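> First residue of the sequence shown? That's 3 in our numbering, and the numbers climb one at a time after it.
Glycine included, each C-beta is placed from N, C-alpha and C at the ideal position.
Treat the numbers as computed from the prediction; the structure is a model and nothing was measured.
The structure is given below, and queries will be raised subsequently.
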Amino acid sequence: MEGTTSLLDAGAVADLVLLDPLTGESLVQTLQERFRRHDIYTYIGNVVISVNPYQSLPIYTPEKVEEYHNCSFFAVKPHIYAIADDAYRSLRDRDSDQCILITGESGAGKTEASKLVMSFVAAVSSKGEDVNKVKEQLLQSNPVLEGAGGGPWLSCHLLSPQPEQLKLRQDCGHYGYLNRESSSLPGMDDAANFHTMQDAMRIIGFSPAEVTELLEVTAVVLKLGNVQLSSSFQASGMEACSITEPQELREICELIGLDPGTLEQALCSRTVKARDETVVTTLTVPQGYYGRDALAKNIYSRLFDWLVNRINTSIQVKSDEQKKVMGVLDIYGFEIFQDNGFEQFVINYCNEKLQQIFILMTLKEEQEEYVREGIQWTPVEFFDNSIICNLIENSTSGILAMLDEECLRPGVVNEDTFLTKLNQLFATHKHYESKETQNARHVTDASLAPRCFRIHHYAGKVTYNVTGFIEKNNDLLFRDLSQAMWAARHALLRSLFPEGDPQKVSLKLPPTAGFQFKSSVAMLMKNLYSKNPNYIRCIKPNDTKSAMVFTPELVLAQVRYLGLMENVRVRRAGYAFRQLYGPFLQRYKMLNPRTWPRWDGADREGAEVLLAGLAFPAEELAFGHTKVFIRSPRTLFDLERQRQERVAQLATLIQKMFRGWRCRTQYQLMRKSQIIISAWFRGHRQMNQYKQMKRSALILQAYARGWKVRAGHPQGHQGDWPGVGSRVGGDRGSVCPTVGPGALCAPRWDQIHPHLLSLSFLLLSCLSAASPSRSMSVLVSPPRAPRALTPAVSPAPPGAEVPAPTSGGRHHHRCSLERVPVPRLLLLTTEHLVLADPKAAQPKNVLSLSDISGVSVTRFSDGFLALHLKEVSTVGAKGDFLLISDHLIELITRLHQTLEAATGQALPLHITDSHFPKGDVSITVVESPKAGTNGPVCKKKGRNKMEVLVH
């Protein structure tokens with residue numbers, strides 16, 4: 003199955019649930035093989051096992067964050083980002099509080115794991131200025147808490163930044179508290195880490211004054227360790243103590259603003275109040291050192307608490323709206339040393355409680371849920387450590403209760419009496435043993451010393467030395483020291499000791515360290531029980547913290563006390579996934595057409611119908627009373643994969659429908675807009691055409707009225723044609739025919755002034771170019787019945803030709819008495835007029851513009867044009883040309899413009915009605931319905947006569 007190969011790698015499974023055979027050795031061997039390949043993460047179902055590599059690996063890049071964001075838990079290789087993403091999506095999508103429990107030995111990498119979880123959640127969570135600010139502050143809290151949590155670490159950094167102001171020497175060996183343990187670690191850059199912590203505090207929101215006060219209080223802790231006491235005797239013979247080197251005491255008091263005498267008295271004496279009586283007793287040197295160390299520990303402990311509260315104040319949500327919570331628990335791991343004291347006892351107690359949560363919520367709850375849901379499965383035997391927890395924390399007969407009782411009872415109290423009481427109380431307890439109980443059972447064990455007791459923890463047997471138990475559990479701070487700190491003028495230090503206020507004096511004894519620790523653990527457990535747990539089990543591969551060194555024996559011991567074997571067995575026997583029917587159906591209903599888009603029946607019935615259509619094996623599924631169970635992670639992943647594919651299909655469908663709707667809406671809008679635009683455009687165009695026609699009509703009317711006034715002829719007057727001036731024509735215009743009433747409709751071009759004639763030709767050319775058909779209808783006389791007129795015409799040639807009105811070539815027809823009209827291509831240049839054969843592309847006649855003497859046209863719309871040539875020209879000696887053109891007006895206009903530009907003279911125009919005589923040649927143009935629709939019809943009438951029929 004694609005995608006599940008990440009769970010089955012070559013030689014080592016990625017999920018130990020698939021391990022076969024399941025033994026401690028095979029489990030460790032699998033972890034070792036994966037560790038060797040730098041695969042430090044392994045699954046047990048949804049539990050992540052992390053083996054500390056003790057080196058940086060390139061598996062925490064932004065690309066990796068993107069890869070594991072919103073991915074299926076089992077779809078990718080095991081990684082801490084996978085469980086962080088699963089917890090975050092459960093918080094976001096399922097609206098349930100989450101907690102991530104990171105457990106393991108000290109040095110197993112728990113702190114680094116918590117950093118990785120927080121950095122991932124910060125990277126994938128919602129954005130925004132305020133959100134980003136809180137996320138950055140949360141991430142920067144790690145270096146601050148690390149620095150403040152490790153006393154020597156922070157103290158070493160305090161030696162460099164402001165030694166004069168803090169009254170410190172730049173020598174770690176000078177301070178007693180730093181010499182008790184190693185104050186340096188190889189590979190640590192103390193100066194760089196200190197500056198990192200200072201930058202982090204600035205980002206979180208610490209003011210410079212708060213940082214300075216924090217450093218001053220820590221400097222006080224360091225200098226308290228250098229306060230030395232000496233023994234002396236009073237006059238009464240009682241032993242007392244005094245300060246050996248007052249210089250250290252004075253420097254402390256200068257830092258906190260306190261009188262040296264007040265602090266010296268608090269360190270060397272103790273005031274006891276009993277009802278109305280107050281007794282001041284001197285302290286011995288051991289008691290003085292005890293008070294000094296108790297003060298230093300209280301200052302440092304309360305300073306750390308203040309630091310945590312200050313960080314929480316900076317990152318807390320400002321609104322009162324109820325928010326979901328994700329908690330990351332990074333707590334000290336199980337500790338087993340050669341010499342284990344009170345500190346190891348309480349640490350291991352806390353880990354025992356965490357293991358109890360793991361057992362109850364992962365193992366016991368697993369089986370109990372199957373029983374409640376009616377699911378058949380194989381029960382798994384597991385160790386319930388509640389008996390060990392009860393041994394330690396029982397409020398009346400637990401070890402902590404006995405320790406508090408010994409600390410508070412009057413009389414001589416020491417660790418021997420405490421151990422004796424434990425031996426008597428737990429003589430028959432199978433998880434407790436001591437030298438005395440072994441002797442009673444006749445067991446010989448040389449490893450168990452007389453002042454020690456042993457507890458059989460879930461992680462193994464641990465032997466505790468009772469030396470120091472009572473002293474460390476009491477950890478009392480004398481009231482005189484609290485009052486002295488309250489009297490200091492240092493604001494931060496004063497706020498750490500509110501009980502020192504004389505107005506709030508209480509005679510009640512403060513709680514012991516064991517009781518406080520037990521209460522804190524109880525609150526922590528209550529908080530964890532209310533959230534959905536996610537587990538990261540950290541393993542330390544070697545004791546030397548060496549990179550890529552794996553010690554199988556050490557790892558096997560951790561595997562056993564972490565309970566990993568029991569976890570694997572439960573996962574193999576049970577079901578990896580379970581969910582209520584309603585949310586399950588809502589999430590996967592799109593995988594079956596019968597349940598999509600809505601299921602109206604019961605949720606369980608819908609889930610059964612849904613899974614029945616997916617063809618999963620029957621053994622992979624189980625249906626409880628309220629939940630559906632899926633056995634294998636592979637089946638769950640296959641279900642998620644199908645859902646993702648179907649969601650992508652549905653998203654495509656939604657996008658397609660949306661795009662279709664958007665395009666239809668846009669098309670309808672464009673169509674409406676096009677109709678409106680078209681209507682306005684047509685109206686605008688018609689208006690412009692009307693205005694143009696109106697302007698043209700006004701111009702023509704003005705010219706017509708002017709001509710009528712200048713001519714002086716009333717309508718219907720018949721007379722002769724006016725004579726043509728020397729500029730218009732020659733002897734061909736001297737004949738003036740008798741003009742009838744109908745002839746007045748034809749313009750008298752010869753009488754128009756040459757300048758006006760040129761304007762008229764230009765107007766005709768523009769109108770013709772805009773609409774040839776309209777210009778023809780306006781400017782060409784309509785057909786009418788022929789009248790017998792006798793105009794003077796130029797000599798008729800054997801044939802004549804009509805040119806086109808453009809400088810380019812157009813096809814025209816040449817008429818001849820010998821044959822039917824033939825096509826010619828007319829080319830008009832600035833100096834010549836050429837008639838060419840359109841087929842052969844050869845010129846037939848080349849005329850100079852200076853040889854043209856005039857043109858004649860009829861009053862019909864026949865397209866005839868007689869081109870008159872001067873007789874002195876070579877071509878003119880042969881006669882004039884008769885041409886037929888569909889663009890007569892344009893041809894005459896362009897010919898007129900070109901001739902005027904070439905010769906400076908206007909083109910003489912003659913309008914005749916019927917005959918073109920020339921010697922013995924006669925051409926008659928007759929209007930007749932017999933004319934063809936494709937043009938004039940030429941009929942030969944004898945040897946020298948031709949009749950042209952036109953419409």
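Considering only DSSP beta bridges, list what C101 is partnered with.
In DSSP, C101 forms a bridge with G329, P535.
> May I ask you to report which of helix, strand or coil DSSP gives C73?
Coil.
> Can you pull the DSSP bridge partners for E568?
According to DSSP, E568 bridges with nothing at all.
> Mark K591 as exposed unless 16 or more other C-beta atoms lie within 10 angstroms of its C-beta, in which case mark it buried.
The residue is buried, with at least 16 neighbouring Cβ atoms inside 10 Å.
> Between the segment 57-70 and the segment 494-505, can you find at least three pairs of beta-carbon atoms closer than 8 Å?
Counting Cβ pairs under 8 Å, fewer than three are found: no touch.
> Would you say V287 and L231 are within 8 Å of each other, going by their C-beta atoms?
Taking 8 Å as the Cβ cut-off, V287 and L231 qualify as a contacting pair.
> For W488, count the other beta carbons within 10 Å of its own beta carbon; 16 or more makes it buried, fewer makes it exposed. Which is it?
W488 is buried by the Cβ-count criterion.
> Taking DSSP as the reference, what is the three-state secondary structure of R453?
Coil at R453, not helix or strand.
> What number of angstroms, rounded off, separates the C-alpha of L20 from the C-alpha of V123?
Near 29 Å, if we compare the C-alpha coordinates of V123 and L20.
> Would you mind sorting G258 into buried or exposed? The rule is 16 or more other CB atoms within 10 Å of its CB.
Residue identity differs from the one stated: residue 258 is Ile in this sequence, not Gly. By the 10 Å Cβ count, I258 comes out buried.
> Just to confirm my understanding: we take I80, look at its own chain, exclude 5 residues before and 5 after, and list those with CB closer than 6 Å. What are they?
As written in the sequence, residue 80 is Pro, which differs from the Ile given in the question. Counting only Cβ-Cβ distances below 6 Å, and skipping sequence neighbours, we find A16, Y43, T44, Y45.
> Is DSSP giving F866 helix, strand or coil here?
The answer is strand: DSSP assigns F866 an E or B state.
> Rounding to the nearest angstrom, what Cα-Cα distance links S698 and E892 in this structure?
If you take the alpha carbons of S698 and E892, they lie about 17 Å apart.
> In whole angstroms, give me the CA-to-CA distance for S74 and D41.
Each residue's Cα considered, the two are about 19 Å apart.
> Roughly how many angstroms separate the alpha carbons of L616 and H627, rounded to a whole number?
The alpha-carbon atoms of L616 and H627 are separated by roughly 21 Å.
> Can you give the Cα-Cα distance for K520 and S388, rounded to whole angstroms?
Each residue's Cα considered, the two are about 15 Å apart.
> Given this structure, state the Cα-to-Cα distance separating S316 from L140, to the nearest angstrom.
In a straight line, the C-alpha of S316 is about 9 Å away from that of L140.
> May I ask you to report which of helix, strand or coil DSSP gives T220?
Reduced to three states, the DSSP call for T220 is helix.
> Decide if H912 is buried, meaning its Cβ has at least 16 other Cβ atoms within 10 Å, or exposed.
Buried: at least 16 other Cβ atoms inside 10 Å.
> Nearest to G376 by CA position, among Q31, F625, G290, Q657, is which residue?
The candidate whose alpha carbon is nearest that of G376 is F625.
> Tell me the DSSP secondary structure of P145 in three-state form.
Of the three classes helix, strand and coil, the one that applies to P145 here is helix, per DSSP.
> Cα separation between Y177 and V222?
Their backbone Cα atoms lie some 11 Å apart in a straight line.
> Counting along the chain, where does the beta strand (DSSP E) carrying Q844 start and finish?
First-last of the beta strand (DSSP E) with Q844: 844-850.
> So is T637 buried or exposed if we call it buried at 16+ other beta carbons inside 10 Å?
With 16 or more Cβ atoms within 10 Å of its Cβ, T637 is classed as buried.
> Using the Cα positions of A623 and A578, report the straight-line distance between them to the nearest angstrom.
Here residue 623 turns out to be Leu, not Ala, going by the sequence shown. Answer to the nearest angstrom: the Cα atoms are 11 Å apart.
> Reducing DSSP to helix, strand and coil, say where D87 ends up.
In the structure shown, D87 sits in a helix (DSSP, three-state: H, G or I).
> At the level of alpha carbons, what is the spacing between A620 and L331?
The straight-line gap from Cα to Cα measures roughly 39 Å.
> What are the uninterrupted segments assigned as alpha helix (DSSP H) that are 4 or more residues long and contained completely in the segment 345-380, given in chain order?
Fully enclosed alpha helix (DSSP H) runs of 4 or longer: 367-375.
> Please report the distance separating the alpha-carbon of G111 from that of L641.
When rounded, the distance between both Cα atoms is 34 Å.
> Report yes if the CB atom of S522 is closer than 8 Å to the CB atom of G335, and no otherwise.
Not a contact, by the Cβ cut-off of 8 Å.
> From V780 to S863, what does the alpha carbon distance come to, in whole angstroms?
Reliability fails at V780, whose pLDDT of 34 lies under 50, so the model's placement of it is uncertain and the value that follows must be treated cautiously. Rounded to the nearest angstrom, the two C-alpha atoms are 11 Å apart.
> Pull up the distance between the alpha-carbon of S233 and that of N144, whole angstroms please.
Roughly 44 Å between the two C-alpha positions.
> On the premise that F639 lies in contact with A86, defined as a C-beta separation below 8 Å, what is that separation, rounded to the nearest angstrom?
The pair is not a contact, with the Cβ atoms about 18 Å apart (cut-off 8 Å).
> With H, G and I counted as helix, E and B as strand and the rest as coil, what does DSSP make of L59?
L59 falls in the coil class under three-state DSSP.
> Give the secondary structure of T283 by DSSP, where H, G and I count as helix, E and B as strand, and everything else as coil.
Three-state DSSP puts T283 in a strand.
> Could you please give the first and the last residue of the uninterrupted beta strand (DSSP E) stretch that includes Y466?
Its beta strand (DSSP E) spans residues 462-467.
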